[in-house]
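Sequential numbering from 904 applies to the sequence shown in the numbering used here.
Notes for the one structure printed next.
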Amino acid sequence: MSRGLLFLACVLLLVNLSHCGLQNGDMRLAGGKASHEGRVEVYINGVWGTVCDDNWDIKEAIVVCRHLNFPSAREAVDGGWYGAGQGPIYLDDLNCLGTETDLTKCESTGLGISNCQHAEDAGVACAIDSSKKPVELFVEHSMTISGSLGQLFESGRDCDVILSVVVENSTVETICAHKLILSLAPRWSSEANLSIKVSSKCQPQVAYFVRYLYTGQINITMTSSHCLHKLASEWGLKALQDEVRKLLILLLPEDATFQAQSSLFDYAVSMDDGALQQSCLHYMAWNCEALVASPAWTGLSVHAIKGLLSRTDLTVPSEYFVIQALEKWEEAQGKALVSGDQFDLLKLIRFPMVFAEDLHRLKDSRYQAGKLEGFQFNALTIGNLFGELMSNWKSYTPRIYTGKPWSYTFTSEEVSVFKKTSIYPKGLNPGELAFTFRTPVHNSAYFALFGNMGWYTKLFVKSDECFYSSSMVCPSAELSLENRNSALPELHKNAIVYKNKIVIHCDGQYVSHIQDFKHPQEVITIPLNHGSGQVYPCRSDEYSYTMVIRPKYRTGLNYTEVEEE
């Protein structure tokens, strides 16, 4: 064996485990690629041991899986499949009923009495509750010899570093490793990382994490993702950190209460992970209406509120809704909210996007400057705005307003009925899932001169609608001027640019995708295909589609488009 390979052969093994709140009979799984499978190990008097596969069947597996909070067992696995363990073989010739709380309660030859070898260590594959919609991501940043290193990892030979895993100031386990392997981690130092401090919840993930340093392979699950991200961040493993972030983003829609999303944002701030912060804000911005209605809204930090209100992709019924939401949040903060933060947040409100009648409802004196700006925008002509407000044009970039009159929604029920019957009662043309609606140009003086804008929108959801077009794929969407042959008035064209959107809701639960209409006459293909291509994949076939008209007001002669968040 070459010298380099000999060094890489240094391995990770859990060699002993002391007091950590564990009780005799507690169990864990080791050696599996996923958290729900592996070699069965039992904890007795401070030492982990294994179980012989003699007489091992599904009833014994059920006891193990239910003890580990899985709904049941999928398979009882013979010895050797998940590798050989170490330490005592505690149980042999088990005969469980399947109702016991742990394996030590089952009939056996007696604790510690066995005629087996570790090649016969039993394993299980537990069932997963399908209603919880598990998400897993197998990561492989491996070398060609990673398989050998995986076996060496289990053998526990030739280590020259003992890592202490510390929970609440107590060492709960030690991990046998090798300096050369650990030194590959950018932030590892023999002085700082001889102990790894984690929460009790993250302690079971430490061994899997260190094993990744040897093999480059790890299975990231819903339950392990947060812990692995923290460990990867602390050790400077950017590739693993990026992979975990992908899974965390997929998990964002899982919590309708938004407690998980807000907690993840606070965690990202504490870890100084800007990319994860933006991922959290992105999801919360798209689903802002549901977020405001959730219990998590009033518990968001000032930092999170500022981040949300700064975004142009904030998806809300109206700007007035944003003001009401901010008032609700401020009221919950009470005296804890300092005046400086309150002033900074108020500057993020886009008062010109508030209709005059809603501006009139704002009675608090702190709104006076914003109301004046909003009334000015509602009263002046676009020509005046061009000359007088060019220095403040950023204030007139709207968000994504899903309320009336700026949008129209095809509900999931309407789409489902149309697919079956080709009937859409609201439509003007038989056999089309189409509608026309009108929006103002927002500025009342300009409105008096040119009236409002008429829009035509259509969904293509049936294969026969797309069959005769080589360039169209179902589902697709169209959003165009009602009179598609007409042009915008010249002044209108110079003053307003339309950046229209389609907002896709997954099964009435969350916004799974938002897509641009790059110009007002465009037909776009919607990336559904059972979730493929969507930003937040939807596991349902039920979607609602909201067409949003989004006028951006050019108030500067040297107007330059600003990229959205």
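All residues carry an ideal CB built from backbone N, CA and C; glycine is no exception.
Please read all numbers here as calculations on a predicted model, not as lab measurements.
Where Arg942 is concerned, the enclosing beta strand (DSSP E) starts and stops at Glu940 to Ile947. A contact between stretches requires three or more CB pairs, one per stretch, nearer than 8 Å, and the region 1312 to 1325 fails this requirement with the region 1233 to 1241.
Apart from the 5 residues on each side of it in sequence, Val1364 sits with its Cβ closer than 8 Å to the Cβ of Val1318, Phe1321, Lys1322, Leu1336, Cys1377 and Pro1378 in its chain, given in chain order.
For His1021, there is no enclosing beta strand (DSSP E), as DSSP marks it with neither H nor E. Counting along the chain, no alpha helix (DSSP H) covers His1408; the unbroken beta strand (DSSP E) around it starts and ends at Lys1404 to Cys1409. For the region 1305 to 1364, the continuous beta strand (DSSP E) assignments of 3+ residues that do not extend past its boundaries occur at 1310 to 1313, 1336 to 1342 and 1356 to 1363, in sequence order. In the three-state reduction of the DSSP assignment, His1422 falls in the coil class, being assigned neither a helical nor a strand state.
Here His939 is not near Gln989, since their CB atoms are 8 Å or more apart.
By the C-beta density criterion, Ser1204 is exposed, having fewer than 16 other C-beta atoms within 10 angstroms. With a contact defined as Cβ atoms closer than 8 Å, Pro1308 and Thr1342 qualify at about 5 Å. Taking C-alpha positions only, Ser1017 is separated from Ser1011 by approximately 10 Å. For Met1174, no alpha helix (DSSP H) run applies, since DSSP gives it neither H nor E. Positions of the alpha helix (DSSP H) runs, each at least 4 residues long and wholly inside the region 922 to 1007, are given as 961 to 970 in order along the chain. Counted as a single uninterrupted DSSP element, the stretch harbouring Thr1118 is not any beta strand (DSSP E) but the alpha helix (DSSP H) occupying residues Val1109 to Thr1118. C-alpha of Cys1183 to C-alpha of Gly935: approximately 31 Å in a straight line. Relative to Phe1258, the option among Leu1248, Lys1250, Arg1269 and Gln1279 whose CA is nearest is Gln1279. In the structure shown, Glu1076 adopts extended strand secondary structure according to DSSP, grouped into three states.
Below 8 Å, too few C-beta pairs join the region 1170 to 1177 and the region 1153 to 1162 to call them touching: fewer than three. When C-alpha distances from Ser1415 are compared across Thr1215, Gly1330, Gln1437 and Thr1218, the shortest belongs to Gln1437. When DSSP states are grouped into helix, strand and coil, His1081 belongs to the coil group. Secondary-structure assignment with DSSP links Glu1010 through a beta bridge to Asn998. Secondary-structure assignment with DSSP links Met1450 through a beta bridge to Tyr1311 and Ile1405.
For Thr1007 against Asn927, the beta-carbon gap comes to about 7 Å, under 8 Å, which counts as contact. Distance between Lys1209 and Leu1251, taken at the CA atoms: about 8 Å. Around the beta carbon of Gln1180, 16 or more other beta carbons lie within 10 angstroms, which makes this residue buried. When only Cα atoms are considered, Pro1089 and Gly1139 end up about 5 Å apart. Under the three-state reduction of DSSP output, Tyr1456 falls in the strand class. In the structure shown, the three-state DSSP call for Asn1281 is helix. Here Ile1065 is actually not in contact with Phe973; their C-beta atoms are around 32 Å apart, not less than 8 Å. Inter-residue distance for Val1042 and Gln1120 is about 6 Å (C-alpha atoms, whole angstroms). Counted as a single uninterrupted DSSP element, the beta strand (DSSP E) harbouring Gly1026 occupies residues Gly1026 to Cys1029. Nearest neighbour of Trp951 by Cα position, chosen from Lys1421, Ser975, Met930 and Asp1247, turns out to be Met930. Residue pairing for Ser1098: DSSP places it in a beta bridge opposite Ser1067. At the C-beta level, Phe1254 and Ala1207 stay beyond 8 Å of one another. Your pair Thr953 and Asp1024 checks out as a contact, with CB atoms roughly 4 Å apart and the cut at 8 Å. The shortest CA-to-CA distance from Gly982 to any of Lys962, Glu1071 and Cys1019 is the one to Cys1019.
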